[in-house]
Amino acid sequence: MSSFRIAAREIRIGDALEPCRNGAVLVEAGRIVAAGPDATVPRPEGAIAIDLGAATLLPGLIDAHMHTFGMPSTGLGALNTEREPYRALRAAGELRELLHAGFTSARCLGSSVGPDLRRAIDEGHIEGPRLVVAGQFISSTGGTWDAPPLPSSWARGHGAIADGADAIVQAVRERARSGADFIKLGLSKGGTRDRYHAWGDDPFGQVTTYSVEEVRAAVGEAHRNGMLVSAHAIGTAAVNLALDGGVDIIEHGYAIDDATRDRLVDAGKIVVTTISQLYFHRAAYDEFGYPQWERDVYERHWQAMRRDFELGLAAGIPFALGTDLIGRPTHPLASAAKEFELAVEWGMAPDAALRAGTIVAARALGLADETGSVVAGKSADLVAIAADTGDLAALASPVFVMKQGEIVRSAV
Ligand SMILES: [Zn+2]
């Protein structure tokens, strides 16, 4: 494995992403061994010199919430009839694009093919980000992901349904057996008359799907296996259920009251943003002929998510950036950098957005000691953009990407 000495006009160093002008990074055996002002970084013989010129070098980007369904985003209702080899191959193509877009790590929040994709990437058969995967979701009967048009036999057949503490413990053990890295629980859904079951027609009208005893059973068994637990939780009741149950990471986490927001801040709970999911639905309304009722649902969620993002920023919630992208045609994984732009548009400072999509996201992945910042000892996961870091639109077209010390792409 080659050694590299990478110089750039600006490097963002450490968990604070401190700007270092005229900096350099030394990479040996896939790891960062030194980073700092150019004059302080050794020039060992044999290290390949890369000069990124006026570019800014950042830690590799991390999408803390995405999916490897490997299905057309407009056809998820056919998950029960599509074959898994096709789904894995289709997802592999998009994962390669995600890596080339500068995302050296990503967290899959639910897909039965996720663990095998992670394995194929780790073994070098296909190109993709370092994946941290949930495997199949865990849902109660009629819970977040158990609703028509998918037949109940499908979710059951895939072990996605678990009711009661004993069944949930077994489901967690099955995830561990199948190679999942963490557990994804669905804790909120729409009411029985809602047309959009999983997200609910009204973000403030969500109902919960599990008892606190069931959530605690999942968390206890996951932690015993060294796995973190993430919860799909929209609305005050579901977020409090997640907190009471000891869940580690909150996905979406909006449409909540002030007391719940304070609880999240006091507990230092990471909330994963997922703005892009709604952004790309809204962008697709006309081209893909979304019915009016569905547009109305997304509009209500968009308003609630934006309101709570702004309130959460002011309160001090540690947001991690996650896109909830699910694939082409409406939600291409390669568009993941949009989340940075959207977070800034909604009031996050550019440097805070960079941290939310690198070091904070690495915490959500349980990999903060391994990646997420340019620090000696960490994996050499790096991305360079041809602009200063005030302009996060440049993240959409990185000029250099390195994953675990291997050059993925280089325009220099
Ligand atoms: Zn998701």
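Counting in this note's numbering, the sequence shown runs from 2 upward without gaps. Positions of the beta carbon are idealized from the N, C-alpha and C atoms, including for glycine.
Residue i versus residue j - alpha carbon distance
i, j, result
"E340", "A315", "19 Å"
"E175", "S141", "16 Å"
"G406", "K379", "10 Å"
"G201", "A9", "47 Å"
"H282", "V402", "28 Å"
"G192", "W155", "22 Å"
"N81", "A48", "51 Å"
"A40", "V28", "16 Å"
"A25", "V42", "6 Å"
"L279", "P45", "48 Å"
"M306", "Y255", "6 Å"
"S106", "D297", "33 Å"
"L58", "G247", "37 Å"
"A148", "M2", "49 Å"
"G143", "V409", "43 Å"
"R22", "L99", "28 Å"
"L326", "I7", "32 Å"
"K404", "A381", "6 Å"
"A353", "E19", "12 Å"
"G328", "A369", "26 Å"
"P351", "L242", "32 Å"
"S4", "A238", "52 Å"
"A177", "E83", "25 Å"
"E222", "D392", "43 Å"
Residue environment, residue i, which counts as buried when at least 16 other CB atoms sit within 10 Å
i, result
"E85", "exposed"
"T274", "buried"
"R119", "buried"
"A30", "exposed"
"Y299", "buried"
"W294", "exposed"
"I317", "A quick correction: the sequence has Gly, not Ile, at residue 317. Counting Cβ neighbours within 10 Å, G317 comes out exposed, since fewer than 16 surround it."
"F138", "buried"
"A56", "buried"
"A260", "exposed"
"A93", "buried"
"H126", "exposed"
"D1", "Past the edges of the chain, shown from 2 to 413, lies residue 1, and the structure says nothing about it."
"G111", "buried"
"R364", "buried"
"A123", "A small fix is needed here, since residue 123 is Asp in this sequence, not Ala. Label assigned to D123: exposed."
Simplified DSSP assignment, three categories, for residue i
i, result
"F310", "helix"
"A56", "coil"
"S74", "helix"
"D64", "strand"
"P38", "strand"
"T209", "strand"
"R108", "strand"
"K270", "coil"
"S153", "helix"
"L322", "coil"
"F5", "strand"
"A412", "coil"
"I122", "helix"
"E407", "strand"
"F401", "strand"
"H198", "coil"
"P20", "strand"
"R264", "helix"
"I12", "strand"
"V216", "helix"
"E98", "helix"
Residue i and residue j closer than 8 Å at C-beta
i, j, result
"G240", "F183", "What sits at residue 240 in the sequence shown is Val, not Gly. Not a contact, by the Cβ cut-off of 8 Å."
"I169", "E95", "no"
"S277", "L366", "no"
"G60", "G313", "Correcting the residue identity first, residue 60 is Pro in this sequence and not Gly. It is not a contact, given that the beta carbons lie outside the stated cut-off."
"A181", "A135", "yes"
"V375", "A387", "no"
"I51", "A36", "no"
"L62", "V413", "no"
"F104", "P130", "yes"
"G71", "R97", "no"
"A321", "A65", "yes"
"I250", "I271", "yes"
"S231", "K190", "no"
"M67", "G323", "yes"
"W146", "G187", "yes"
"T69", "T331", "no"
"P152", "H302", "no"
Chain C contact for residue i (CB, 8 Å cutoff)
i, result
"N226", "Here there is only one protein chain, and chain C is not present."
(message) Would you call the region 209-228 in contact with the region 285-304, where contact means no fewer than 3 C-beta pairs closer than 8 Å?
(response) no
(message) For the region 326-336 against the region 248-265, do three or more pairs of beta-carbon atoms, one drawn from each stretch, fall closer than 8 Å, so that the two count as touching?
(response) no
(message) Counting beta carbon pairs with one atom in the region 383-397 and one in the region 157-165, are three or more of them shorter than 8 Å?
(response) no
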